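Report on the structure given below.
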Amino acid sequence: MSDNQEPTSGTPARLGSAEPGSGGTRERGQRKAGNKNRKKNNAVVFGVLSAAMLLAAGAGIVSAASIVPAPAGNKTLDMSLADVPAGKATPVCPAPPRLPEGTAAGTDTQFSPVSRSAKSFLDAVVLSDAAGSVPGSSLASLGGAAIAEIAKAPAAAQTPVPGPPILKAGVVAQRPANDVTVVGADPIGGQKAAVAGLMSYTASDGDLRGLAAAPCQQPGNDAWLLGASTALGRTAVLNISNASGTPATVNLDLYGARGQIQASDSRGLLVSPGTTRSINLAGLAPNEGQLSVHLRSSGGPVASSIQQSILRGLTAGGVELMTPGAAAADSQVMTGVDIQDPAAVKSLAAKAGFSDAVPALQITVPGPADAVLDVRLFGPNGQRAFPGGGAVTAKAGSVTQVPLTGVPAGMYTVSATSDVPFAASTRVTRGLKAEDPVDFAWSPAAVRLGSQHVMAVPQGGTRFLSFGVPAGRATVSYAPVTSDGKVHKTETVEIAGGTTSVIGVPEKSDGATITGYIVSAAGDAAYGALVLGQADQSGVSVLTIQDGTAGHEKVQVTLGY
53 MSDNQEPTSG TPARLGSAEP GSGGTRERGQ RKAGNKNRKK NNAVVFGVLS AAMLLAAGAG
113 IVSAASIVPA PAGNKTLDMS LADVPAGKAT PVCPAPPRLP EGTAAGTDTQ FSPVSRSAKS
173 FLDAVVLSDA AGSVPGSSLA SLGGAAIAEI AKAPAAAQTP VPGPPILKAG VVAQRPANDV
233 TVVGADPIGG QKAAVAGLMS YTASDGDLRG LAAAPCQQPG NDAWLLGAST ALGRTAVLNI
293 SNASGTPATV NLDLYGARGQ IQASDSRGLL VSPGTTRSIN LAGLAPNEGQ LSVHLRSSGG
353 PVASSIQQSI LRGLTAGGVE LMTPGAAAAD SQVMTGVDIQ DPAAVKSLAA KAGFSDAVPA
413 LQITVPGPAD AVLDVRLFGP NGQRAFPGGG AVTAKAGSVT QVPLTGVPAG MYTVSATSDV
473 PFAASTRVTR GLKAEDPVDF AWSPAAVRLG SQHVMAVPQG GTRFLSFGVP AGRATVSYAP
533 VTSDGKVHKT ETVEIAGGTT SVIGVPEKSD GATITGYIVS AAGDAAYGAL VLGQADQSGV
593 SVLTIQDGTA GHEKVQVTLG Y
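Numbers in the working numbering are just positions in the sequence shown, counted from 1, shifted up by 52.
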C-alpha cells in the first residue's frame, strides 16, 4: 500500500534553500560591476522570493483541495475497462517421475532411472477460434529449444460466418515425454489461445510402480500443493519450473499436522530462467505424514508439482504428481473421488504401514483462526452420510485429515464450506491387498466450470469424466476432440444439485481416437475432473479440469480532470 502525503512544511523549506544561492550570485555581481548593478541584483532576489511565495501559496491550494470540494468544473469519469494485448499461452508440462538417488548441496535432488517398463507420454490440444483458425503453436523445451510444431500460424485471420462456431484443433497425441515441456500457442483474434495438455506415466516394476498424470499448468506466482508426506518410506520432491525469461525468487510456507513448520532453507529460493529446481521436502520438513506447501514467487511466474512416492519395505506403494488446486477460500469442491469397497479398505488400513492407504480429506488452514467446516459427500444417487456427521474443526495454521472410511464404493464429489479460508484436497486409493501393488492419487480443489474449458485425454486404460454439482442444478456439455483435429458432436447432461455424474470416455468418436474434450457448464456451480485407471493393474490418477481461456484481458482505468 502506498502512502499519499499532502504538501507540508517540507515544501517551503526546499524552496527557501534557494536564497543562499541567490545571495552568492549577488556578491559575485558586486565584485564584477560594483554598485552599478546593485538595483538589478536586488530585483533578481525579489523575483526569486516572490516566486517562492507563489509556489508556497500554490502548495497550500493543492493541500486544501483534499478537504475543500472540487469546483463544479472538475470531473472524475466512471471507472472503465481498457483492453490489454493478449499474451502467449505457455502451459508447462512436468517431467515424468524419476527416482531420487542422492542429495546435492542444500535440498536440491539428483535423480536416477526409474524402471525397465516405465513409459511417459504427452498429449495436448490447441483450440481454434470461432472461424476455425488454429493459432500458431508448438512444443518446446523449458529452455526454449524447439521440439515439434503443432500448427503453423494462420496466414490471415478468417472472418467468422453466420451460425455456430466452426471449431478445429491442433493435437499432440501420445508423444513420448522425457523432460519438462512447454506447450506454446500464440494469441488469435485478440484473445489468448485455449490450450490444454497433460503428461501421463505408467510403470509395472521398480520403486515408482503405478500410474501418475498431471495437467500442463499456466505459470503463476501463487500455488497451494497438498498431500505430501515425508514419513518413513515416503518421498516428496517439489519441482519448480521457470519458463519465463525472468529469474524467480520463491518462498515456501510449510504446514504440518502440528502447525506451521519453520525451515530456514524455505525462503529466497532462486529459480533461473529456463530451469527446474527440485527440492527434497524431507530436508525442510522431515517425518511429516501430512504436509502442505504454499508456494509464492516474485519475478518470473513458475509451474510447480510434487512427486510423491511410497515404498513399504521392499514393496512399491504408488506414485503421483500432485499439482496446485484452487486457492484458499471459504468453500472448496473436489470431484472424481473414487472410493473402493469399505470393508476391504478397512482391512488393508489395519496392516502395518498401510494407514495412509485409505481415502481421506485433507484441510489446511493458513490463518490464525480455527475453521469450523460443513463437509458433504455427493454420489450419483445423491448425498451420502459423511463419517462423523460432517461437522469438522480444523486447527489454524495446520493440516487436518479426515478419513473417508465406511463410505460405500462409488464415485463422489466432496464439498466443504467454512467461515475462514482454507485449502483442501482428497486422497483416492486403488488396490485392496497388501501383497499386491497399490496406488494412490489426490483430487485437488477444483475451479467452477464456465465456458469452453479445453482438456487433454491420454490413451489406454480406463477414463471417466466426473462432474459434481453441490446445489441447485447445472447443465454440462462436452464435445470430444479427436487425433485428426476434429471437434465432434456436443453431448449434454443435466445434473441435479447434490449429485455426481460419471461419464465413461470411449476410445474413439466417429472412428478417430479421442485425445481431448471441450467442456462447458451453465446454471448453478459445477465442477469436473478426469479419473484415469489401468484395466489390469491398480493405477489411479485424478486431474481437475483447468480454468478456461480468459478471452479479452482488461484492466480498470479511472480518468479525471
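Note that the Cβ used here is the ideal one computed from N, Cα and C, for glycine as well.
It should be emphasised that the depicted structure is a prediction, and the values quoted were computed from it without experimental measurement.
Please identify the residue among the options whose C-alpha is closest to the C-alpha of residue i.
i      : options                           : result
Gln270 : Ser356, Pro532, Pro522 and Glu201 : Ser356
Gly308 : Ala409, Leu336 and Thr387         : Leu336
Phe492 : Val499, His505 and Gly262         : Gly262
Ile566 : Asn332, Ile597, Tyr530 and Pro149 : Tyr530
Gly405 : Gly365, Ser281, Gly184 and Ile202 : Gly365
Ser293 : Thr233, Asn339, Gly585 and Ala448 : Thr233
Ala265 : Leu304, Asp259, Gly249 and Gln504 : Gly249
Gln312 : Gly272, Gly297 and His346         : His346
Ser450 : Arg515, Val247, Ala423 and Thr287 : Ala423
Val506 : Asp175, Gly431 and Pro149         : Asp175
Gly483 : Ser316, Ala587, Arg168 and Pro214 : Ala587
Ser407 : Ser190, Thr301 and Arg479         : Arg479
Inspect the beta-carbon positions of residue i and residue j and report whether they are closer than 8 Å.
i      : j      : result
Gly537 : Val323 : no
Leu582 : Leu501 : no
Thr619 : Pro152 : Because residue 619 is not part of the residues shown, which for the chain are 53 to 613, the question remains open.
Ala409 : Ala402 : no
Phe173 : Pro228 : yes
Thr254 : Gly591 : yes
Val521 : Val466 : no
Arg525 : Gly580 : no
Gln359 : Leu373 : yes
Ser281 : Gly370 : no
Asp274 : Ala378 : no
Asp471 : Asp382 : yes
Ala508 : Val186 : no
Lys204 : Gly139 : no
Gly352 : Pro418 : no
Leu260 : Leu290 : no
Asn339 : Ala283 : yes
Thr544 : Val528 : yes
Ser349 : Thr301 : yes
Ser189 : Ala198 : no
Thr469 : Leu425 : yes
Ala192 : Gly236 : yes
For residue i, does the count of other Cβ atoms within 10 angstroms reach 16, so buried, or fall short, so exposed?
i      : result
Val594 : buried
Ser180 : buried
Arg310 : exposed
Ala578 : buried
Gln392 : buried
Glu559 : exposed
Gly563 : exposed
Pro460 : exposed
Thr596 : buried
Gln314 : exposed
Pro146 : buried
Ala476 : buried
Arg80  : With a pLDDT of 42 at Arg80, under the threshold of 50, the predicted position of this residue should be treated as unreliable, though the coordinate-derived value follows. Exposed, by the Cβ-count rule.
Asp27  : In the structure as shown, the chain begins at 53 and stops at 613. Residue 27 is therefore absent and cannot be evaluated.
Thr514 : exposed
Ser503 : exposed
Pro137 : exposed
Arg150 : buried
Gly279 : buried
Pro420 : exposed
Glu58  : Note that Glu58 scores 40 on pLDDT, short of 50, meaning its location in the model is unreliable; the coordinates nonetheless yield the value given after this. Burial call: exposed.
Once the 5 residues before and after residue i are set aside, which same chain residues still bring their CB inside 6 Å of it?
i      : result
Val397 : Val410
Pro455 : Val410 and Ala412
Gly458 : Pro394 and Pro439
Ser561 : Pro532, Thr534 and His540
Thr452 : Ile415 and Ala446
Asp231 : Ala147
Lys171 : Thr254
Can you list, in chain order, the residues of its chain with a C-beta nearer than 7 Å to that of residue i? Leave out the 5 residues immediately preceding and following it.
i      : result
Gln589 : Ser256 and Pro489
Ala109 : Confidence in Ala109 is poor, its pLDDT being 39 and thus under 50, which makes the residue's placement too unreliable to answer from.
Asp599 : Val499
Gly195 : Gly326
Ser169 : Ala255, Ser256 and Asp257
Gly462 : Ile391, Gly431 and Pro432
So, at 8 Å on beta carbons, what are the nonlocal neighbours of residue i in its own chain, with the 5 sequence-adjacent residues on each side left out?
i      : result
Asn433 : Thr551
Ser102 : Residue confidence for Ser102 is low, a pLDDT of 41 falling below 50, so the modelled location carries little weight; the figure read from the coordinates is stated next. Same-chain partners within the cutoff: there are none.
For residue i, would you say it is in contact with chain D, using Cβ-to-Cβ distances shorter than 8 Å as the test?
i      : result
Thr287 : Annotation note: the requested chain D is absent from the structure, which comprises a single protein chain.
| task | May I have a chain-ordered list of the beta strand (DSSP E) segments no shorter than 3 residues that lie completely inside the segment 328–371? | result | Taken in chain order, the complete beta strand (DSSP E) segments of 3 residues or longer contained in the segment 328–371 are 343–351 and 355–364.
| request: For the segment 225–302, list the beta strand (DSSP E) runs that are entirely contained and at least 3 residues long, ordered along the chain. | output: Segments of the beta strand (DSSP E) lying fully in the segment 225–302: 233–237, 247–255, 262–267, 274–280 and 286–294.
| What are the complete beta strand (DSSP E) segments, minimum 3 residues, inside the segment 384–424? | Those beta strand (DSSP E) runs which fall completely within the segment 384–424 and span 3+ residues are 412–417.
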